[in-house]
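Peer 1: What follows is a single structure, and I will ask about it in a moment.
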Amino acid sequence: MTQDSRKLNEEGRRMWDTKAAFWDELMGEEGNRFHRELIGPAVEALLNLKAGELVLDVACGSGMLARRMAALGAEVIAVDFSAGMLKQAQERGQSGETPIRYQQADATDEEALAAFGEGMFDAVTCTMALMDMPEIGPLYRAARRLLKPGGRLVFATMHPAFNSNNPVFTAEQADVDGELVLTNALKISHYMEMPPVKGVGAKNEPSPHYYYHRPLHELLGEAFAAGLVLDGLIEAAFDPEKVDPNRPLSWYSFPQIPPVMAGRFRVGG
Ligand SMILES: C[S@@+](CC[C@H](N)C(=O)[O-])C[C@H]1O[C@@H](n2cnc3c(N)ncnc32)[C@H](O)[C@@H]1O
Numbered sequence: 100m101t102q103d104s105r106k107l108n109e110e111g112r113r114m115w116d117t118k119a120a121f122w123d124e125l126m127g128e129e130g131n132r133f134h135r136e137l138i139g140p141a142v143e144a145l146l147n148l149k150a151g152e153l154v155l156d157v158a159c160g161s162g163m164l165a166r167r168m169a170a171l172g173a174e175v176i177a178v179d180f181s182a183g184m185l186k187q188a189q190e191r192g193q194s195g196e197t198p199i200r201y202q203q204a205d206a207t208d209e210e211a212l213a214a215f216g217e218g219m220f221d222a223v224t225c226t227m228a229l230m231d232m233p234e235i236g237p238l239y240r241a242a243r244r245l246l247k248p249g250g251r252l253v254f255a256t257m258h259p260a261f262n263s264n265n266p267v268f269t270a271e272q273a274d275v276d277g278e279l280v281l282t283n284a285l286k287i288s289h290y291m292e293m294p295p296v297k298g299v300g301a302k303n304e305p306s307p308h309y310y311y312h313r314p315l316h317e318l319l320g321e322a323f324a325a326g327l328v329l330d331g332l333i334e335a336a337f338d339p340e341k342v343d344p345n346r347p348l349s350w351y352s353f354p355q356i357p358p359v360m361a362g363r364f365r366v367g368g
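Heads up, the sequence shown is in my numbering, so the first residue is 100 and it goes up one at a time.
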């Protein structure tokens, strides 16, 4: 890892510690609408978890996915680099017969992740965190080493084409044949290259953190370079039936544009 990445990663860890309690309260037991309606269903469909499977949940945050997987009967080890987030997760308690094992680990440290047990895991998961990491190659390479033959790495992230580093939300109103018609659109000015930017993950959060945009050829390409093969992809958008007319400039009003992308990699031959 470069010196710059190391510094940014360390700064990111401090930021997550600062806002751990805020984030945990915001997410609650089952997450916000993004988690309940987009991320959770997409990840569960791709994961297709079986009771008794061993899973490493990387960047577990306040432990929502870890608790859900444990409730489905999996044996879960959940790691995050923020001691604050791990404390919040632990305080939320257990949800399955086998207790979730929480441990501090940095996802940009390939050896630290691989030390959890090479060839031991049925699945590795990482939700809504790849975009928070200055480097993702180490996590992909570690997953390749941790997974059993046929094992899968399931991820969810902000869709890099539409929901990456500050898309501009617009709403236009026009009189069309005597009727007022509202059209929502996103303005995207950059895709191929964008420097890391500090962004707010949620309104009023105490400490914005860095987001790292990666075009698809990097987000997926780094996994291919690590020996992983993509065999499932879901682009998740909000239900058109639930558009909130009072919030035209929110993702909930863009049912044609997916803010979340989830994918499944398997160990290549
Ligand atoms: C947006 S939260 C997502 C948490 C959870 N996976 C979810 O879906 O709700 C991002 C999490 O990634 C963690 N994180 C960011 N960079 C990390 C790294 N390099 N190593 C481990 N955890 C990291 C943060 O501490 C935070 O808990």
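Quick reminder that beta carbons are idealized off the backbone N, C-alpha and C, glycines included.
Please read all numbers here as calculations on a predicted model, not as lab measurements.
1. Can you tell me which of the three DSSP states G320 falls into?
2. Within 10 angstroms of its Cβ, does V296 collect 16 or more other Cβ (buried), or is it exposed?
3. How about Q272 and L281: are their beta carbons less than 8 Å apart?
4. Relative to the alpha-carbon of Q202, which residue among A211, G195, E196 and S288 has its alpha-carbon at the smallest distance?
5. Closest to D116 by CA distance: which of M232, N265, P305 and G218 is it?
6. Do E129 and M163 have their beta-carbon atoms positioned less than 8 Å apart in this structure?
7. Taking the Cβ atom as the reference point for each residue, do C225 and L246 lie within a distance shorter than 8 Å?
8. Have a look at A141, I176 and C159 and flag the residue whose alpha-carbon is nearest the alpha-carbon of E152.
9. Given this structure, state the Cα-to-Cα distance separating M230 from A150, to the nearest angstrom.
10. To the nearest angstrom, how far is it from the Cα of E384 to the Cα of S349?
11. Take V366 as the anchor and find which of F180, P266, P357 and V253 has the nearest alpha-carbon.
12. To the nearest angstrom, how far is the alpha carbon of Q46 from that of L185?
13. When the distance is taken between beta carbons, is V178 closer than 8 Å to C159?
14. How big is the Cα-Cα spacing for A214 and A270?
15. What's the call for K341, buried or exposed, on a 16-neighbour Cβ count within 10 Å?
16. Given a cut-off of 8 Å on the beta-carbon distance, is the pair H258 and P358 in contact?
17. If distances are taken between C-alpha atoms only, which option among K302, E317 and A222 comes closest to R243?
18. Cβ of S104 versus every heavy atom of ligand 1: is any distance shorter than 7 Å?
19. Using the three-state DSSP reduction, which class does P344 fall into: helix, strand or coil?
20. Sort N283, P307, P314 and A361 by Cα distance to D330 and report the nearest one.
21. Could you give the distance in angstroms between the alpha-carbon of G298 and the alpha-carbon of A120?
22. Since G298 sits in a beta bridge, which residues does DSSP pair it with?
Peer 2: Taking the coordinates as given:
1. For the purposes of this step, residue 320 is identified with residue 221 of the sequence shown, where counting begins at 1. Reduced to three states, the DSSP call for G320 is helix.
2. For the purposes of this step, residue 296 is identified with residue 197 of the sequence shown, where counting begins at 1. Counting Cβ neighbours within 10 Å, V296 comes out exposed, since fewer than 16 surround it.
3. Locating residue 272 in the sequence shown gives position 173, where the first residue counts as 1. Locating residue 281 in the sequence shown gives position 182, where the first residue counts as 1. Closer than 8 Å, so yes.
4. Here the question's residue 202 lines up with position 103 in the sequence shown. Cα-wise, what sits closest to Q202 is A211.
5. Here residue 116 refers to the residue found at position 17 when the sequence shown is read from its first residue. Here the closest residue by C-alpha is P305.
6. Locating residue 163 in the sequence shown gives position 64, counting from the first residue. Locating residue 129 in the sequence shown gives position 30, counting from the first residue. In this structure, E129 lies closer than 8 Å to M163 by Cβ.
7. Position 126 of the sequence shown holds residue 225. Position 147 of the sequence shown holds residue 246. No, the pair does not count as a contact, with Cβ atoms beyond the cut-off.
8. Within the sequence shown, the letter at position 53 stands for residue 152. When only C-alpha atoms are compared, the closest one is I176.
9. Against the sequence shown, residue 230 aligns to sequence position 131. Against the sequence shown, residue 150 aligns to sequence position 51. Between M230 and A150, the C-alpha separation is close to 30 Å.
10. A question about residue 384 goes unanswered here, because the residues of the chain that appear run from 100 up to 368.
11. Here the question's residue 366 lines up with position 267 in the sequence shown. That would be V253, whose Cα lies nearest to the Cα of V366.
12. Nothing in the structure corresponds to residue 46, since the chain is present only between 100 and 368.
13. Position 60 of the sequence shown, counted from the first residue, corresponds to residue 159. Position 79 of the sequence shown, counted from the first residue, corresponds to residue 178. Yes, Cβ-Cβ distance for C159 and V178 is below 8 Å.
14. The count along the sequence shown starts at 1 and reaches residue 214 at position 115. The count along the sequence shown starts at 1 and reaches residue 270 at position 171. Rounded to the nearest angstrom, the two C-alpha atoms are 50 Å apart.
15. Residue 341 sits at position 242 when you count from the first residue of the sequence shown. The residue in question, K341, is exposed, as its Cβ has fewer than 16 Cβ neighbours within 10 Å.
16. On the sequence shown, residue 258 is found 159 positions in, with the first residue counted as 1. On the sequence shown, residue 358 is found 259 positions in, with the first residue counted as 1. Yes, they are a contact pair.
17. Taking the sequence shown and counting its residues from 1, one reaches residue 243 at position 144. The candidate whose alpha carbon is nearest that of R243 is A222.
18. Taking the sequence shown and counting its residues from 1, the one referred to as residue 104 is at position 5. No, the beta carbon of S104 sits no closer than 7 Å to any heavy atom of ligand 1.
19. To locate residue 344, count along the sequence shown from 1; it is residue 245. Correct three-state label for P344: coil.
20. Working through the sequence shown from its first residue, we reach residue 330 at position 231. It is A361 whose Cα lies nearest to the Cα of D330.
21. Numbered from its first residue, the sequence shown carries residue 298 at position 199. Numbered from its first residue, the sequence shown carries residue 120 at position 21. If you take the alpha carbons of G298 and A120, they lie about 18 Å apart.
22. As a working mapping, residue 298 is identified with position 199 in the sequence shown. Answer is H308.
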